[in-house]
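One structure is given below, encoded as structure tokens.
Numbering (full-length UniProt numbering), first residue to last: 1 to 318.
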């Protein structure tokens with residue numbers, strides 16, 4: 001009976017905290033970072049939003065009209081949210097490729113990694129803390145944050161509500177820290193990072209980096225792309241690979257629609273549903289980027305000029 005009372009009390013306290021977070025929640029102040037759990041170890045078996053093009057599996061279309069699947073099953077790509085260590089191990093069993101052919105494509109601009117077996121990140125206002133940094137500078141900052149956590153011995157890690165409010169923080173004894181690169185490479189998997197800011201269109205540097213990465217991939221490579229949630233940035237990147245393969249035979253809307261039906265976000269329409277002013281201002285730029293990338297790939301299927309060069313030719317300034 002005593003244990004039951006304790007459990008009920010804890011449950012009511014959690015509900016109270018959740019309700020409080022709805023009242024007090026807000027994006028952190030500019031320049032503030034909050035260490036938070038992304039994926040707690042052992043909570044789930046697989047990361048969220050997993051999908052693979054080779055499955056050719058579509059969700060039901062609202063109008064029961066489906067795009068072509070031409071060239072889809074041949075794509076060696078998958079995507080998901082970020083992952084705790086145990087989830088990554090399950091992911092490797094799910095991906096239909098040899099482990100040494102898998103390349104994890106990390107799309108996160110925000111600092112993240114592992115404390116013990118938990119996937120964590122440093123959340124800032126709209127995840128913009130690393131804005132303007134190169135991939136190398138982002139990596140260096142991330143290493144330093146993880147080293148500081150290890151040196152501290154115990155750190156408070158926040159559990160964040162959907163509205164970005166902190167529900168509560170848990171003191172965690174730090175037994176080990178690893179970057180994502182260190183962990184996935186320890187599992188025999190290759191790693192590459194393109195730090196894209198969330199809620200935003202990729203920068204020219206992001207896409208130049210992606211195109212060079214893509215051009216140098218062996219034919220047997222399997223790309224597994226992820227951001228934090230496996231939604232916006234992941235959908236854009238999987239769409240880019242689809243576009244590079246199939247822009248010559250399929251329309252822009254066919255490619256984008258089938259990526260949505262695979263489980264991705266419809267970046268063409270996300271601005272219509274956005275209520276947050278920051279997202280509402282930036283989402284149309286993401287949509288416009290995907291249209292431009294389709295035009296680029298169709299005009300230059302051999303990728304004989306860089307994205308930046310093509311943008312200059314078109315007179316694009318953003």
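We put the beta carbon where it would ideally sit given N, CA and C, even for glycine.
Cβ shell of residue i (< 8 Å), same chain only, five flanking positions each side left out
i: residue 317; result: none
i: residue 174; result: 115, 116, 149, 150, 152, 153, 154, 155
i: residue 45; result: 86, 87, 90
i: residue 256; result: 239, 266, 267, 268, 290
i: residue 280; result: 271, 274
i: residue 288; result: 201
i: residue 283; result: 199, 267, 270, 271, 274
i: residue 95; result: 52, 78, 102, 222, 224
i: residue 278; result: 126, 199
i: residue 92; result: 99, 102, 187, 189
i: residue 6; result: Note on residue 6: pLDDT 42, under 50, position unreliable in the model; no value is reported.
i: residue 209; result: 135, 194
i: residue 325; result: This structure cannot settle anything about residue 325, because the visible part of the chain is limited to 1 through 318.
C-beta atoms of residue i and residue j nearer than 8 Å
i: residue 48; j: residue 80; result: yes
i: residue 27; j: residue 164; result: yes
i: residue 203; j: residue 236; result: no
i: residue 198; j: residue 233; result: yes
i: residue 343; j: residue 157; result: The requested residue 343 does not occur in the structure, where the chain is confined to residues 1 to 318.
i: residue 113; j: residue 177; result: yes
i: residue 119; j: residue 63; result: no
i: residue 226; j: residue 82; result: yes
i: residue 61; j: residue 261; result: yes
i: residue 333; j: residue 40; result: Because the chain spans 1 through 318 in this model, residue 333 falls outside it and cannot be assessed.
Other residues of its chain near residue i: CB distance less than 7 Å, five sequence neighbours each side excluded
i: residue 263; result: 49, 51, 59
i: residue 298; result: 247, 248
i: residue 211; result: 303, 306, 307
i: residue 259; result: 235, 238, 239, 242
i: residue 25; result: Here the model assigns residue 25 a pLDDT of 48, short of 50, so the residue's position is not dependable, and the following value carries that caveat. The answer, listed in chain order, is 161, 163, 164, 165.
i: residue 181; result: 191
i: residue 254; result: 67, 68
i: residue 185; result: 191
i: residue 215; result: 303
i: residue 252; result: 291, 294
In DSSP terms, what residue i is bridged to
i: residue 261; result: In DSSP, residue 261 forms no bridge with anything.
i: residue 122; result: 35
i: residue 113; result: 120
i: residue 154; result: 173
i: residue 190; result: 103
i: residue 79; result: 51, 225
i: residue 166; result: 160
i: residue 196; result: 108
i: residue 178; result: 114
Own chain residues within Cβ distance below 6 Å of residue i, not counting five before or after
i: residue 213; result: 192
i: residue 207; result: 307
i: residue 77; result: 53, 223, 238, 241
i: residue 57; result: none
i: residue 97; result: 222
i: residue 135; result: 193, 195
i: residue 229; result: 81
i: residue 139; result: none
i: residue 310; result: 296
i: residue 169; result: 156, 158
i: residue 314; result: none
i: residue 23; result: A caution first: residue 23 carries a pLDDT of 35, below 50, which makes its placement in the model unreliable, though a value can still be read off. So the list is empty, once near-sequence residues are dropped.
Presumed contact (8 Å Cβ cut-off) between residue i and residue j, rounded CB distance
i: residue 88; j: residue 187; result: 7 Å
i: residue 160; j: residue 36; result: 5 Å
i: residue 286; j: residue 201; result: 5 Å
i: residue 179; j: residue 146; result: 6 Å
Residue i Cβ short of 7 Å to the ligand PLP heavy atom set
i: residue 286; result: The model on display carries no ligand, and the ligand PLP is accordingly not part of it.
Any chain D beta carbon closer than 8 Å to residue i
i: residue 159; result: Looking for chain D here will not work: only one protein chain is present.
Check: So, do the stretch 113-127 and the stretch 25-35 have three or more beta carbon pairs nearer to each other than 8 Å?
Finding: The answer is yes - the stretch 25-35 touches the stretch 113-127, with three or more Cβ pairs under 8 Å.
Note to self: I'd like to know if the stretch 53-71 and the stretch 231-250 are in contact, where contact means that at least 3 CB-CB pairs between them fall below 8 Å.
What the structure shows: Yes, they touch.
Next item on the list: Check whether the stretch 222-229 touches the stretch 101-112, counting contact only when three or more Cβ pairs, one atom from each stretch, lie closer than 8 Å.
Entry: Three or more Cβ pairs closer than 8 Å define a contact, and the stretch 222-229 meets that threshold against the stretch 101-112.
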